[in-house]
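Structure first, commentary second.
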Amino acid sequence: DTGVSQNPRHKITKRGQNVTFRCDPISEHNRLYWYRQTLGQGPEFLTYFQNEAQLEKSRLLSDRFSAERPKGSFSTLEIQRTEQGDSAMYLCAGGQGTGTDTQYFGPGTRLTVL
Amino acid sequence: QKEVEQDPGPLSVPEGAIVSLNCTYSNSAFQYFMWYRQYSRKGPELLMYTYSSGNKEDGRFTAQVDKSSKYISLFIRDSQPSDSATYLCAMSTNSGGSNYKLTFGKGTLLTVNP
Numbered sequence: 005d006t007g008v009s010q011n012p013r014h015k016i017t018k019r020g021q022n023v024t025f026r027c028d029p030i031s032e033h034n035r036l037y038w039y040r041q042t043l044g045q046g047p048e049f050l051t052y053f054q055n056e057a058q059l060e061k062s063r064l065l066s067d068r069f070s071a072e073r074p075k076g077s078f079s080t081l082e083i084q085r086t087e088q089g090d091s092a093m094y095l096c097a098g099g100q101g102t103g104t105d106t107q108y109f110g111p112g113t114r115l116t117v118l
Numbered sequence: 801q802k803e804v805e806q807d808p809g810p811l812s813v814p815e816g817a818i819v820s821l822n823c824t825y826s827n828s829a830f831q832y833f834m835w836y837r838q839y840s841r842k843g844p845e846l847l848m849y850t851y852s853s854g855n856k857e858d859g860r861f862t863a864q865v866d867k868s869s870k871y872i873s874l875f876i877r878d879s880q881p882s883d884s885a886t887y888l889c890a891m892s893t894n895s896g897g898s899n900y901k902l903t904f905g906k907g908t909l910l911t912v913n914p
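This is the structure we're talking about:
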């Protein structure tokens, strides 16, 4: 158990609806990453936080996606106006930023857009 | 050409076999190399982390990095049915900032048959 939790674990929604996912890393994780994984593929980087600052966003993160990490603790990832192509596993990873930054993943949120 | 190439398999071996998993990469800036294990519908679990070229051993697992050939390997000795999972290679580089975002291979699906 990495100590990183994600909720909900599964989300089924209809196209056009908004969804929000939450990630709770352990307190030592000052770095937090979001990745997206589709079937048969490895995870792809979406965005990165150091403490509360969002320092990098992938071009995969369209305008419909927004992420926050208030107070540098938990993080949320919101998708507005969901599309069927958003169906994927959304993974959160925490890191302690000790030079090499080993990342520990949560169990993921599986999103299905109907 | 993708930055990280990994044969997706599937790979099926008998219990007790030695398993060899490999990845190649094209970005010479990659400095840190990891292997993750992912069970179906779960988050990736860190198995091995290496920085320099050479071998690193941890129990039944050995990770090899050859930076000159841009090639990394994971060996599993005395494979067990519980090793059946998808194995993901991942790499990162410190581009001068604090973001150690991971670039993953597609993953290799391994089945160890009792």
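Order-wise, the sequence lines are chains A and B.
Per the working numbering, numbering through the first sequence is continuous, rising by one, with the last residue being 118.
Per the working numbering, numbering through the second sequence is continuous, rising by one, with the last residue being 914.
Glycine included, each C-beta is placed from N, C-alpha and C at the ideal position.
T42 (chain A) - partner residues in DSSP beta bridges: Beta-bridge partners of T42 (chain A) (DSSP): none assigned.
### Closest by C-alpha distance to L115 (chain A), when choosing among A:T6, A:R19, A:G44, A:A97
The shortest C-alpha separation from L115 (chain A) is found at A:R19.
Q) Using DSSP with H/G/I as helix, E/B as strand and the rest coil, what is D28 (chain A)? A) Correct three-state label for D28 (chain A): strand.
Margin query: Using a 10 Å radius around the Cβ and a threshold of 16 neighbouring Cβ atoms, would you call H33 (chain A) buried or exposed?
Written below: H33 (chain A) comes out buried.
Counting only Cβ pairs nearer than 7 Å, list the residues of chain A close to R837 (chain B). Within chain A, no residue comes near R837 (chain B); the closest Cβ sits about 11 Å away, beyond 7 Å.
Smallest Cα separation from F861 (chain B): which of B:S853, B:I876, B:T903, B:I872? Ranked by Cα distance from F861 (chain B), the options B:S853, B:I876, B:T903, B:I872 are led by B:I876.
Going along the chain, which residues of the segment 29-54 of chain A sit with their C-beta nearer than 8 Å to a C-beta in chain B? Listed in sequence order: R35, Y37, Y39, G44, Q45, G46, P47, E48, F49, Y52, Q54.
Q.
Residues of chain B with CB closer than 8 Å to the CB of Y108 (chain A), please, in chain order.
A. L846, listed in chain order.
Q831 (chain B) versus K867 (chain B): straight-line alpha-carbon distance, rounded:
Rounded to the nearest whole angstrom, the CA to CA distance from Q831 (chain B) to K867 (chain B) is 9 Å.
* **Closer than 8 Å at the beta carbon, the chain A residues around K906 (chain B)** => Correct list: G44, Q45, G46.
Do you know whose CA, among B:K842, B:P808, B:I818, B:N855, lies nearest V912 (chain B)'s CA?
-> Cα-wise, what sits closest to V912 (chain B) is B:I818.
Quick check on this structure: which residue in A:Y37, A:S66, A:G44 has the alpha carbon closest to the alpha carbon of G76 (chain A)?
It is A:Y37 whose Cα lies nearest to the Cα of G76 (chain A).
- What number of angstroms, rounded off, separates the C-alpha of R40 (chain A) from the C-alpha of L888 (chain B)? Computed Cα separation, rounded: 14 Å.
Notebook entry, point to check: For P814 (chain B), does the three-state DSSP call read helix, strand or coil?
Noted result: Strand, per DSSP.
At the level of alpha carbons, what is the spacing between P111 (chain A) and G854 (chain B)?
Each residue's alpha carbon lies about 31 Å from the other.
So, is the C-beta of G843 (chain B) closer than 8 Å to a C-beta in chain A? For G843 (chain B), a Cβ of chain A is located within less than 8 Å of the residue's own Cβ.
- In the segment 86-102 of chain A, which residues sit with their C-beta less than 9 Å from some C-beta in chain B, listed in chain order? Cβ contacts with chain B come from M93, L95, C96, A97, G99, G101.
### Nearest neighbour of E60 (chain A), chosen from B:D858, B:T908, B:A890, B:Y900 [CA to CA]
Looking from the CA of E60 (chain A), the closest CA among B:D858, B:T908, B:A890, B:Y900 belongs to B:Y900.
(request) Identify which residue in A:S66, A:S9, A:F25 has its Cα closest to the Cα of S31 (chain A). (result) That would be A:S9, whose Cα lies nearest to the Cα of S31 (chain A).
- Item | Own chain partners of T24 (chain A) with C-beta closer than 6 Å, once the 5 adjacent residues on each side are dropped | So the qualifying residues of the chain are T80, E82.
**Asked** Short check: CB of S884 (chain B) to CB of L846 (chain B), under 8 Å?
**Response** In this structure, L846 (chain B) does not lie closer than 8 Å to S884 (chain B) by Cβ.
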